[in-house]
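Asks: As you go down the protein sequences, you meet chains W and S in turn. Positions 1 to 218 (the UniProt record's numbering) are the ones given, in order, by the first sequence. Positions 1 to 218 (the UniProt record's numbering) are the ones given, in order, by the second sequence. Could you have a look at this structure, given as structure tokens, before my questions?
Number of protein chains: 2
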Amino acid sequence: MNNSNLGKNYIIRLSEYKNALSRFKTLGFVKVFSDNLADSVGVTSVQVRKDFSLFGISGNRRGGYLVEELIEKLNDILGKNEVQNVVLAGAGHLGTALTKYKGLEKEGIKIVACFDIDPSKIDKKANPPTLSFDELFEFIKKNAIKIGIISVPENAAQEVAEKMMSAGVKGILNFAPIKLRGIEDCIISYVNIELELENLIYFVNATQKSKKNKGGVK
Amino acid sequence: MNNSNLGKNYIIRLSEYKNALSRFKTLGFVKVFSDNLADSVGVTSVQVRKDFSLFGISGNRRGGYLVEELIEKLNDILGKNEVQNVVLAGAGHLGTALTKYKGLEKEGIKIVACFDIDPSKIDKKANPPTLSFDELFEFIKKNAIKIGIISVPENAAQEVAEKMMSAGVKGILNFAPIKLRGIEDCIISYVNIELELENLIYFVNATQKSKKNKGGVK
DNA sequence: TAGATTGTTAATCGATTAACAATC
DNA sequence: TAGATTGTTAATCGATTAACAATC
Numbered sequence: 001m002n003n004s005n006l007g008k009n010y011i012i013r014l015s016e017y018k019n020a021l022s023r024f025k026t027l028g029f030v031k032v033f034s035d036n037l038a039d040s041v042g043v044t045s046v047q048v049r050k051d052f053s054l055f056g057i058s059g060n061r062r063g064g065y066l067v068e069e070l071i072e073k074l075n076d077i078l079g080k081n082e083v084q085n086v087v088l089a090g091a092g093h094l095g096t097a098l099t100k101y102k103g104l105e106k107e108g109i110k111i112v113a114c115f116d117i118d119p120s121k122i123d124k125k126a127n128p129p130t131l132s133f134d135e136l137f138e139f140i141k142k143n144a145i146k147i148g149i150i151s152v153p154e155n156a157a158q159e160v161a162e163k164m165m166s167a168g169v170k171g172i173l174n175f176a177p178i179k180l181r182g183i184e185d186c187i188i189s190y191v192n193i194e195l196e197l198e199n200l201i202y203f204v205n206a207t208q209k210s211k212k213n214k215g216g217v218k
Numbered sequence: 001m002n003n004s005n006l007g008k009n010y011i012i013r014l015s016e017y018k019n020a021l022s023r024f025k026t027l028g029f030v031k032v033f034s035d036n037l038a039d040s041v042g043v044t045s046v047q048v049r050k051d052f053s054l055f056g057i058s059g060n061r062r063g064g065y066l067v068e069e070l071i072e073k074l075n076d077i078l079g080k081n082e083v084q085n086v087v088l089a090g091a092g093h094l095g096t097a098l099t100k101y102k103g104l105e106k107e108g109i110k111i112v113a114c115f116d117i118d119p120s121k122i123d124k125k126a127n128p129p130t131l132s133f134d135e136l137f138e139f140i141k142k143n144a145i146k147i148g149i150i151s152v153p154e155n156a157a158q159e160v161a162e163k164m165m166s167a168g169v170k171g172i173l174n175f176a177p178i179k180l181r182g183i184e185d186c187i188i189s190y191v192n193i194e195l196e197l198e199n200l201i202y203f204v205n206a207t208q209k210s211k212k213n214k215g216g217v218k
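Encoded structure:
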């Protein structure tokens with residue numbers, strides 16, 4: 001099953017704790033308890049402490065954690081001290097939305113270039129520039145890019161992924177609704193909005209039905 | 001912890017099987033084996049059969065499954081026989097990308113209206129129309145909408161969610177990078193692109209480092 | 001029949017949670 | 001000290017996988 005979709009959610013949770021801590025800091029908090037973080041992120045306080053202990057983060061018994069210090073440690077673990085340069089393939093609606101999205105840059109993730117097959121979309125002066133697919137391989141090599149985002153149509157995704165990997169990309173976030181065949185040392189993650197919606201719709205319908213059967217609605 | 005993010009991934013997998021089957025059908029397949037589906041989706045064949053057995057789907061020992069029949073059954077389970085109408089709050093870059101995205105309509109999911117606070121974005125004649133936030137509540141009630149997508153900025157997300165829920169929405173897909181406080185009978189799912197990227201970046205860096213330490217690169 | 005595939009029961013694995021000891 | 005919180009070990013839970021029986 002390769003190394004696609006790692007079931008290790010603690011990193012995602014660490015990021016969430018970090019985001020919550022930023023908000024706490026804005027509110028003037030100096031220290032927090034695991035309970036505060038738990039409430040904010042929607043997990044239990046044991047989960048929080050367990051996650052921390054995994055990385056040797058410790059607080060003060062009875063005194064919780066110092067916000068500043070904790071943010072520092074989390075940033076360190078998450079590699080937030082250096083900007084991560086990524087490339088994006090596919091300057092369609094979604095791809096464009098991603099390049100315009102401020103949230104990534106705020107997190108130290110920078111889309112340094114887009115690539116598209118459509119000549120009318122190419123714009124070398126833009127920020128980030130949109131370049132031709134032909135330049136993808138060279139660009140990745142030259143700039144030692146390790147992360148690629150794929151937001152091209154389903155039928156082009158595999159080819160793009162292969163080009164990225166052959167140029168040295170080690171992690172791909174794929175928005176195309178298809179499983180990619182990867183190579184040994186490249187991690188492939190998926191975001192599939194349709195699937196999420198279908199899943200949500202299923203469970204909403206399921207609970208609605210079970211409620212009706214129980215006579216919840218007349 | 002309410003009922004947010006249900007850990008029941010079998011529905012997502014059923015959708016993936018269904019998508020794979022459509023491709024198989026296009027290729028002229030009449031029957032498939034659990035192994036074919038497994039390869040296509042990236043799971044094991046046992047997983048496929050286990051998932052099917054969960055819903056009483058059975059094939060022919062030695063003969064696999066009939067593609068047509070299987071698609072039929074999956075569509076039935078997934079509620080694909082009727083169009084699902086959803087509303088979308090936040091006509092920013094991401095929201096707009098979603099309304100323009102063909103993949104949803106193909107799956108029987110229809111965004112029937114967008115809502116935005118910015119008057120300059122309002123366009124009642126568009127398809128889907130973009131309406132004022134003031135009309136959100138009424139629209140949901142009148143059209144008995146059960147599903148809402150939130151792609152507004154972080155600080156507006158909670159308020160929008162509450163308005164949706166009070167109007168009768170039972171499922172929310174939230175793109176804002178913040179945990180929403182929901183009510184008992186509403187399911188809240190999350191798509192957080194930053195988090196996915198941060199997670200990916202972490203594991204890429206982690207494996208790169210461990211490789212270096214093992215002398216994988218000189 | 002022999003071989004391949006399905007379907008299910010039992011075992012395993014990993015992640016979460018409960019219980020509790022440590023200590024500020 | 002008493003009370004609250006952290007940190008960890010053990011128990012639980014759920015999901016995946018292995019093993020194998022059923023059967024086409």
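We put the beta carbon where it would ideally sit given N, CA and C, even for glycine.
Compare the C-alpha of S/GLN158 against each of S/ILE188, S/GLU135, S/LYS141 and S/ALA38 and name the closest.
Replies: Here the question's residue 158 of chain S lines up with position 158 in the second sequence. Checked all of S/ILE188, S/GLU135, S/LYS141 and S/ALA38; the closest Cα to S/GLN158 is S/ILE188.
Asks: Tell me, to the nearest whole angstrom, how far the beta carbon of W/ILE201 is from that of S/GLY79; I am working on the premise that it is less than 8 Å.
Replies: Taking the first residue of the first sequence as position 1, residue 201 of chain W is located at position 201. Taking the first residue of the second sequence as position 1, residue 79 of chain S is located at position 79. Yes, W/ILE201 and S/GLY79 are in contact; Cβ-Cβ is about 7 Å, under 8 Å.
Asks: Can you check whether the C-beta of residue 297 of chain S is within less than 7 Å of a C-beta belonging to chain W?
Replies: Missing from the structure shown is residue 297 of chain S; chain S here goes from 1 to 218 and no further.
Asks: Measure the alpha-carbon distance for S/PHE203 versus W/ILE178 and round it to whole angstroms.
Replies: Numbered from its first residue, the second sequence carries residue 203 of chain S at position 203. Numbered from its first residue, the first sequence carries residue 178 of chain W at position 178. Cα-Cα distance, rounded: 22 Å.
Asks: Taking only beta carbons into account, state which residues of the segment 137 to 160 of chain S come closer than 7 Å to chain W, listed in chain order.
Replies: Within the segment 137 to 160 of chain S, the qualifying residues are LYS146 and ILE147.
Asks: Within its chain, find whatever has a CB closer than 6 Å to the CB of W/GLY171; leave out the 5 residues flanking it on each side and keep chain order.
Replies: In the first sequence, counting from the first residue as 1, residue 171 of chain W sits at position 171. Within the same chain, W/GLY171 has close Cβ partners ILE147 and ILE187.
Asks: For a minimum of 4 consecutive residues, which ranges assigned as the alpha helix (DSSP H) are wholly contained in the segment 47 to 110 of chain S?
Replies: As far as the segment 47 to 110 of chain S is concerned, its whole alpha helix (DSSP H) runs of at least 4 residues are 67 to 77, 93 to 100 and 102 to 106.
Asks: Would you decide whether W/ARG23 is buried or exposed? Buried here means 16 or more other CB atoms lie within 10 Å of its CB.
Replies: Taking the first residue of the first sequence as 1, we reach residue 23 of chain W at position 23. Counting Cβ neighbours within 10 Å, W/ARG23 comes out exposed, since fewer than 16 surround it.
Asks: What is the residue span of the beta strand (DSSP E) that W/THR130 lies within?
Replies: Stepping through the first sequence from its first residue, residue 130 of chain W is reached at position 130. W/THR130 -> beta strand (DSSP E) spans 130 to 132.
Asks: If we count the other Cβ atoms within 10 Å of its Cβ and call it buried at 16 or more, is W/VAL217 buried or exposed?
Replies: For the purposes of this step, residue 217 of chain W is taken as residue 217 along the first sequence, with counting starting at 1. Reliability fails at W/VAL217, whose pLDDT of 46 lies under 50, so the model's placement of it is uncertain and no value is given.
Asks: W/ALA113 by DSSP, collapsed to three states: which one?
Replies: Within the first sequence, the letter at position 113 stands for residue 113 of chain W. The answer is strand: DSSP assigns W/ALA113 an E or B state.
Asks: Does W/LEU197 pass the burial test, meaning 16 or more other C-beta atoms within 10 Å, or should it be called exposed?
Replies: By 1-based counting over the first sequence, the position of residue 197 of chain W is 197. Its Cβ being crowded by 16 or more others within 10 Å, W/LEU197 is buried.
Asks: Taking S/ASP134 as the reference, give the member of S/PHE175, S/ALA89 and S/ALA126 with the closest Cα.
Replies: Counted from its first residue, the second sequence places residue 134 of chain S at position 134. Comparing Cα-Cα distances from S/ASP134 to each of S/PHE175, S/ALA89 and S/ALA126, the minimum goes to S/ALA89.
Asks: Taking one C-beta from the segment 36 to 52 of chain W and one from the segment 87 to 103 of chain W each time, how about it: are there three or more such pairs within less than 8 Å?
Replies: With the cut-off at 8 Å, the segment 36 to 52 of chain W and the segment 87 to 103 of chain W do not touch.
Asks: With distances taken Cα to Cα, identify the nearest neighbour of S/VAL169 among S/GLU154, S/ALA156, S/LEU195 and S/LYS142.
Replies: For the purposes of this step, residue 169 of chain S is taken as the residue at position 169 of the second sequence. The option with the nearest alpha carbon to S/VAL169 is S/LYS142.
Asks: May I ask you to check if the CB of W/ILE149 is nearer than 6 Å to at least one heavy atom of the ligand ADP?
Replies: In the structure shown, the ligand ADP is absent, as is every other ligand, since no ligand is present at all.
Asks: Looking at the strands, I want to know which residues DSSP matches up with S/ILE172.
Replies: Start at 1 with the first residue of the second sequence, and residue 172 of chain S comes out as number 172. Paired residues: S/GLY148 and S/ILE188.
Asks: Name the DSSP bridge partner or partners of W/VAL32?
Replies: If you number the first sequence from 1, residue 32 of chain W lands on position 32. W/VAL32 is bridged to W/TYR65.
Asks: How is S/ASP39 classed by DSSP in three states: helix, strand or coil?
Replies: As a first step, residue 39 of chain S is located in the second sequence; it is residue number 39 there, counting from the start. Note: S/ASP39 maps to helix in three-state DSSP.
Asks: Determine the closest residue to W/PHE115 out of W/ALA167, W/GLU105 and W/SER151, with distance taken between C-alpha atoms.
Replies: As a first step, residue 115 of chain W is located in the first sequence; it is residue number 115 there, counting from the start. It is W/SER151 whose Cα lies nearest to the Cα of W/PHE115.
Asks: Is there a Cβ of chain S sitting closer than 7 Å to that of W/ILE187, yes or no?
Replies: As a first step, residue 187 of chain W must be located in the first sequence, where it is residue number 187. W/ILE187 counts as touching chain S.
Asks: Going by CA-CA distance only, name the one from S/SER166, S/THR207, S/PHE175 and S/MET165 that's closest to W/ASP185.
Replies: Counting from 1 along the first sequence, the entry for residue 185 of chain W is found at position 185. The shortest C-alpha separation from W/ASP185 is found at S/THR207.
Asks: With 8 Å as the limit, tell me which residues of the UniProt DNA-binding region "H-T-H motif" (16 to 55) of chain W have their beta carbon closer than that to any beta carbon of chain S; keep them in chain order.
Replies: Here the close residues are GLU16, ASN19, SER40, VAL41, GLY42, VAL43 and THR44.
Asks: Report the option in S/GLY64, S/LEU54 and S/SER34 whose CA atom is closest to the CA atom of S/TYR10.
Replies: One-based indexing of the second sequence puts residue 10 of chain S at position 10. The shortest C-alpha separation from S/TYR10 is found at S/LEU54.
Asks: Taking S/ILE193 as part of the alpha helix (DSSP H), name the residues at either end of that continuous run.
Replies: Residue 193 of chain S sits at position 193 when you count from the first residue of the second sequence. Per DSSP, S/ILE193 belongs to the alpha helix (DSSP H) from 193 to 213.
Asks: Can you find a CB in chain W that lies within less than 7 Å of the CB of S/LYS100?
Replies: Start at 1 with the first residue of the second sequence, and residue 100 of chain S comes out as number 100. Judged by the 7 Å Cβ criterion, S/LYS100 is in contact with chain W.
Asks: Let's test the definition: count the other Cβ atoms within 10 Å of the Cβ of S/VAL83 and tell me whether it reaches 16, buried, or not, exposed.
Replies: Within the second sequence, residue 83 of chain S is the residue found at index 83, counting from 1. Exposed, by the Cβ-count rule.
Asks: Since S/ILE140 is in the alpha helix (DSSP H), which residue starts that stretch and which ends it?
Replies: The count along the second sequence starts at 1 and reaches residue 140 of chain S at position 140. Per DSSP, S/ILE140 belongs to the alpha helix (DSSP H) from 136 to 143.
Asks: Give the interface partners of W/ILE111 over in chain S, defined as CB-CB distance under 8 Å, in chain order.
Replies: As a working note, residue 111 of chain W is residue 111 in the first sequence. Residues of chain S passing the Cβ test: none, with the nearest at roughly 10 Å.
Asks: Please classify W/SER15 as buried or exposed, where buried requires at least 16 other C-beta atoms within 10 Å of its C-beta.
Replies: Translated into positions along the first sequence, residue 15 of chain W becomes position 15. Buried.
Asks: Just list the residues that DSSP pairs W/ASP123 with in beta bridges.
Replies: The residue labelled residue 123 of chain W in the question sits at position 123 within the first sequence. DSSP lists W/THR130 as partners of W/ASP123.
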